Amino acid sequence: MARFLALLSAALAGAAVVNGAASVDKRATDLITFFIDLQFSGNSTVFTGNVPTGCQHPPAEFVNSVSSVIIADGVGCTLWGTPNCGLSAGPSISLQGRVPDLVALGFNDVMDTFECLPK
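The working numbering puts the first residue of the sequence shown at 8, with every later residue one more than the last.
Here is the structure:
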């Protein structure tokens, strides 16, 4: 009987871990954080979701105002200088990782829309 109770306890503990892991997997992921200023400073906004994102519009205060970004591992994002993610002619830049200075890349205060994909 003691062996049965030990096995039952182990099985229930294993089930709890599996259930806990499943709930963690369902949480939304921070994909990209936009900053108004260089070096990840100033006002910021986080886009949380799943990839692919499709064409996204940042909050109004971030349109043509983004100077640095942090993109989640395993994700690549294209920032567009047009309101429709490249459906009309205009500038764009594809990024991944931490980008502290969009001035150096010639894309400071240019972003209008963005789209992220898995890498």
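A virtual CB, placed ideally from N, CA and C, is assigned to each residue, including glycine. Since the model is a prediction, treat every value here as computed from it, not as a measurement.
Nearest neighbour of residue i, chosen from the options [CA to CA]
| i | options | result |
| --- | --- | --- |
| residue 79 | 38, 121 and 109 | 38 |
| residue 47 | 106, 114 and 111 | 106 |
| residue 114 | 91, 71 and 62 | 71 |
| residue 92 | 49, 56 and 62 | 62 |
| residue 3 | 36, 45 and 64 | The chain is shown from 8 up to 126; residue 3 falls before or after that span and cannot be answered. |
| residue 45 | 125, 126 and 111 | 111 |
Residue i classed as buried or exposed, judged by whether at least 16 other C-beta atoms fall within 10 angstroms
| i | result |
| --- | --- |
| residue 53 | exposed |
| residue 109 | buried |
| residue 75 | buried |
| residue 59 | exposed |
| residue 65 | buried |
Beta carbon of residue i nearer than 7 Å to that of residue j
| i | j | result |
| --- | --- | --- |
| residue 123 | residue 102 | no |
| residue 89 | residue 116 | no |
| residue 41 | residue 73 | yes |
Contacting residues, own chain, Cβ-Cβ under 6 Å from residue i (five flanking each side not counted)
| i | result |
| --- | --- |
| residue 86 | 100, 118 and 121 |
| residue 77 | 40 and 105 |
| residue 57 | none |
DSSP bridge partner residues for residue i (one or two, in chain order)
| i | result |
| --- | --- |
| residue 117 | Looking at the DSSP assignment, residue 117 forms no beta bridge with any residue, so it has no partner. |
| residue 76 | 41 and 106 |
| residue 54 | 39 |
| residue 123 | 84 |
| residue 63 | 121 |
| residue 99 | 87 |
Beta-carbon proximity list for residue i, same chain, < 8 Å, skipping 5 on both sides
| i | result |
| --- | --- |
| residue 96 | 89 |
| residue 43 | 49, 50, 51, 68, 69, 72, 73 and 74 |
| residue 126 | 81, 82, 83 and 103 |
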